[in-house]
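So the sequence lines, in the order shown, correspond to chains A and B. Take 4 as the starting number for the first sequence in this note's numbering and just add one per residue. Take 4 as the starting number for the second sequence in this note's numbering and just add one per residue. The beta carbon of each residue, even a glycine, is placed where N, CA and C say it ideally should be.
Number of protein chains: 2
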Amino acid sequence: MKIAVLGGTGPQGKGLAKRFARAGVSVVVGSRSEPRAQAIAKELSEEVPEGSATIAGLSNADAVRASDEVVILAVPWPGHNATLNGIKDHMAGKILVDIVVPLSENDPKKVEMPPEGSATEAAQAILGPDVPVIGALHNVSAHTLNDLNAAINCDVLVCGNALEPRKKVMALVEKLGVTAYNAGGAQSARCIEAITSILIRINISKAVPFTHAGIKIWAPDHL
Amino acid sequence: MKIAVLGGTGPQGKGLAKRFARAGVSVVVGSRSEPRAQAIAKELSEEVPEGSATIAGLSNADAVRASDEVVILAVPWPGHNATLNGIKDHMAGKILVDIVVPLSENDPKKVEMPPEGSATEAAQAILGPDVPVIGALHNVSAHTLNDLNAAINCDVLVCGNALEPRKKVMALVEKLGVTAYNAGGAQSARCIEAITSILIRINISKAVPFTHAGIKIWAPDHL
Numbered sequence: 004m005k006i007a008v009l010g011g012t013g014p015q016g017k018g019l020a021k022r023f024a025r026a027g028v029s030v031v032v033g034s035r036s037e038p039r040a041q042a043i044a045k046e047l048s049e050e051v052p053e054g055s056a057t058i059a060g061l062s063n064a065d066a067v068r069a070s071d072e073v074v075i076l077a078v079p080w081p082g083h084n085a086t087l088n089g090i091k092d093h094m095a096g097k098i099l100v101d102i103v104v105p106l107s108e109n110d111p112k113k114v115e116m117p118p119e120g121s122a123t124e125a126a127q128a129i130l131g132p133d134v135p136v137i138g139a140l141h142n143v144s145a146h147t148l149n150d151l152n153a154a155i156n157c158d159v160l161v162c163g164n165a166l167e168p169r170k171k172v173m174a175l176v177e178k179l180g181v182t183a184y185n186a187g188g189a190q191s192a193r194c195i196e197a198i199t200s201i202l203i204r205i206n207i208s209k210a211v212p213f214t215h216a217g218i219k220i221w222a223p224d225h226l
Numbered sequence: 004m005k006i007a008v009l010g011g012t013g014p015q016g017k018g019l020a021k022r023f024a025r026a027g028v029s030v031v032v033g034s035r036s037e038p039r040a041q042a043i044a045k046e047l048s049e050e051v052p053e054g055s056a057t058i059a060g061l062s063n064a065d066a067v068r069a070s071d072e073v074v075i076l077a078v079p080w081p082g083h084n085a086t087l088n089g090i091k092d093h094m095a096g097k098i099l100v101d102i103v104v105p106l107s108e109n110d111p112k113k114v115e116m117p118p119e120g121s122a123t124e125a126a127q128a129i130l131g132p133d134v135p136v137i138g139a140l141h142n143v144s145a146h147t148l149n150d151l152n153a154a155i156n157c158d159v160l161v162c163g164n165a166l167e168p169r170k171k172v173m174a175l176v177e178k179l180g181v182t183a184y185n186a187g188g189a190q191s192a193r194c195i196e197a198i199t200s201i202l203i204r205i206n207i208s209k210a211v212p213f214t215h216a217g218i219k220i221w222a223p224d225h226l
């Protein structure tokens, strides 16, 4: 199994690349710059334990083509739509996993949603109805992702209009040792993406004695 | 301290009335029908342990007038705006705590947000800028609220445009033995209200071995 991680040179993408490689999933890190992708891939390969799957680096479009099926989009929000427009001609037969949160540029404790309602819905509008877009992994802190000694301290809510791709992505995410929940159609991304801005507010609050918070689904018969 | 719980004859309102009374906060249950409010108040008074604060029943407008400051709105979404229009002339000097979730009438696994963005924002638009509206307690299951032997199994995200009322409501909510988090301005209600629809989806999913789920904020240094 080989996945692409676009924006794999940013903190979220790097952490995901390392964790998926460690879990036995080959990763192609994508970047606008192929040399940069290759340099980061080399760096990440040295950070993962022996026996991990390979991490390679390519341009975004080549990374999409090199993936079996799943393409994770992990660029900052300002590059979201441009990156998608750059790869859309190569996305036939692929699944896009959108982890991007439209944080306000002036205040990351808030989101500024696009007219489509969420990043996931904006991606679906750009890629068209034939390419499944699945929102996932929005609420995992980059700090936690990059600390391979730490367990990921949250559950993952997975949404998107197509059910089978949603289940595939849930299974992929669970390779990271987390619990994934089916959160319904793409419209749920309006909520799930915004949870990240609430977590950022909590993390920077002086009233709260911890950082890098995530969320967990919790039930009385689940304690 | 005396609070009003409008829609206190529904499952969410009944559970809150009992739990606040048990925590020493007097409650006036409001309903469109004063006799119904009084009958429910009598019933609830018999269910709370000895030593609890009083639970009385009045019409919605009289319940607002009888409250010291905090008015909790716990009606079903279809009655949200009409109830607010009926009490708005009595809300000067009060704080509205809006716990209502705009669940889709056809599918409670989804929300159908009003044009203002969320129930909390719709309430703020109806009551005007001088009455603080705080969103809270959306994600607590009615089943759990009504089982006085159970601890509330989730954290509470509290939002609203005015900071001091938000802090007052956080302190009030914490009387129920839960942790309340400051989730920012009223716009966060678009997320927090929608979490309930995602929890409903998880609760009715055959893939998940529990029901009555809530959410918890979780951090590595918080385990």
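Identify whether L148(A) lies in helix, strand or coil by the three-state DSSP scheme. Note: L148(A) maps to helix in three-state DSSP.
Neighbour flag for L160(A) against chain B, beta carbons, 9 Å: Closer than 9 Å to the CB of L160(A) there is at least one CB belonging to chain B.
For T57(B), count neighbouring Cβ atoms within 10 angstroms of its own Cβ and tell me buried if that reaches 16, exposed if not. By the 10 Å Cβ count, T57(B) comes out exposed.
Let me know if P118(B) comes out buried or exposed under the rule of 16 or more other beta-carbons within 10 Å of its beta-carbon. Classification of P118(B): exposed, given that the 10 Å Cβ count is below 16.
N-terminal and C-terminal residue of the beta strand (DSSP E) that N185(B) is part of: Going by DSSP, N185(B) is part of the beta strand (DSSP E) stretching over 183 to 185.
Output the distance between the C-alpha atoms of E53(A) and A26(A), rounded to the nearest integer angstrom. Whole-angstrom Cα-Cα distance: 11 Å.
Just by C-beta distance, which residues in the stretch 130 to 150 of chain A are closer than 8 Å to chain B? Within the stretch 130 to 150 of chain A, the residues whose Cβ lies closer than 8 Å to some Cβ of chain B are T147, listed in chain order.
Looking at the C-beta of I102(B), does it have a partner C-beta in chain A at a distance below 9 Å? No, I102(B) lies away from the interface with chain A (no Cβ there is under 9 Å from its Cβ).
So, helix, strand or coil for I203(A), using DSSP? Residue state, collapsed to three classes: helix.
Option nearest A165(B) by Cα separation, candidates S29(B), C194(B), A186(B): Comparing C-alpha distances from A165(B) to each of S29(B), C194(B), A186(B) shows the shortest one belongs to A186(B).
Mapping DSSP to helix, strand and coil, what is D92(B)? Note: D92(B) maps to helix in three-state DSSP.
Could you compute how far the alpha carbon of I220(B) sits from the alpha carbon of E177(B)? Their backbone Cα atoms lie some 15 Å apart in a straight line.
Counting pairs of Cβ atoms below 8 Å between the stretch 190 to 200 of chain A and the stretch 136 to 151 of chain A, do you hit three or more? Three or more Cβ pairs closer than 8 Å define a contact, and the stretch 190 to 200 of chain A meets that threshold against the stretch 136 to 151 of chain A.
When you compare the CB of D224(A) with every CB in chain B, is at least one pair closer than 9 Å? Contact of D224(A) with chain B is assigned, a C-beta pair being separated by under 9 Å.
What does I18(A) reach in chain B if we use C-beta pairs closer than 9 Å? A small correction: the amino acid at residue 18(A) is Gly; Ile does not occupy that position in the sequence shown. Residues of chain B whose Cβ lies closer than 9 Å to the Cβ of G18(A) do not exist; the shortest such Cβ separation is about 14 Å.
Rounded to whole angstroms, what is the Cα-Cα separation between E167(B) and S121(B)? Going by the C-alpha atoms only, they are around 21 Å apart.
By the DSSP assignment, the alpha helix (DSSP H) with V73(A) in it spans what residues? For V73(A), no alpha helix (DSSP H) segment is defined; the enclosing uninterrupted segment is the beta strand (DSSP E) at 73 to 76.
Provide the residue span of the beta strand (DSSP E) that contains G16(A), from first to last. For G16(A), there is no enclosing beta strand (DSSP E); the residue is part of the alpha helix (DSSP H) that begins and ends at 14 to 25.
Excluding the 5 residues flanking G173(B) on each side, which residues of the same chain have their C-beta closer than 6 Å to its C-beta? The sequence shown places Met at residue 173(B), not Gly. Once the five neighbours on either side are set aside, the close Cβ partners of M173(B) are V161, A183.
Output yes if chain A places a C-beta closer than 9 Å to the C-beta of I6(B); else output no. For I6(B), not one C-beta of chain A is nearer than 9 Å to its own C-beta.
I137(A) vs R169(A) beta-carbon contact at 9 Å: Yes, Cβ-Cβ distance for I137(A) and R169(A) is below 9 Å.
Threshold first: 3 residues or longer. Then list the beta strand (DSSP E) segments lying entirely within the stretch 103 to 189 of chain A, N to C. You should have 136 to 138, 159 to 161, 183 to 185.
Would you please verify whether the beta carbon of K21(A) is less than 9 Å from any beta carbon of chain B? Look at K21(A): its C-beta is not under 9 Å from any C-beta on chain B.
Could you round the C-beta distance between A126(A) and D92(A) to whole angstroms and report it? I think they count as a contact, below 8 Å. Going by Cβ atoms, the distance from A126(A) to D92(A) rounds to 15 Å, so no, they are not a contact pair.
Whose C-beta lies closer than 7 Å to the C-beta of N88(B) among residues of the same chain, with five residues either side of it excluded? Counting only Cβ-Cβ distances below 7 Å, and skipping sequence neighbours, we find I129.
Exposure label - I207(A); buried when at least 16 CB within 10 Å: Residue environment for I207(A): exposed (fewer than 16 other C-beta atoms within 10 angstroms of its C-beta).
So for G217(B), helix, strand or coil by DSSP? It is a strand residue.
Ends of the beta strand (DSSP E) at K5(B)? DSSP places K5(B) inside the beta strand (DSSP E), whose first and last residues are 5 to 9.
Which same chain residues end up closer than 6 Å to S34(A) when comparing Cβ atoms and leaving out the 5 residues on each side of it in sequence? Answer for S34(A): T12, A40, listed in chain order.
Would you kindly check if the distance between the Cβ of G16(B) and the Cβ of I75(B) is under 9 Å? It is a contact, given that the beta carbons lie within the stated cut-off.
Assuming A85(B) and V8(B) are in contact, meaning their beta carbons sit under 8 Å apart, how far apart are those beta carbons, in whole angstroms? The beta carbons of A85(B) and V8(B) sit about 17 Å from each other, so the pair does not count as a contact at 8 Å.
Determine, for N109(A), whether the minimum Cβ-Cβ distance to residues of chain B falls below 9 Å. No, its Cβ sits nowhere closer than 9 Å to a Cβ of chain B.
Quick one: list the residues of chain B neighbouring R193(A), beta-carbon separation under 7 Å, in chain order. In chain order: R193, A197.
Roughly how many angstroms lie between the CA atoms of H215(A) and A222(B), to the nearest whole one? Those two C-alpha atoms are separated by around 6 Å.
Could you tell me if S107(A) is buried or exposed, where buried requires 16 or more neighbouring beta carbons within 10 angstroms of its beta carbon? Exposed, by the Cβ-count rule.
Cβ closer than 9 Å: which chain B residues qualify as neighbours of G187(A)? The contacting residues are K112, K113, S200, I201, R204.
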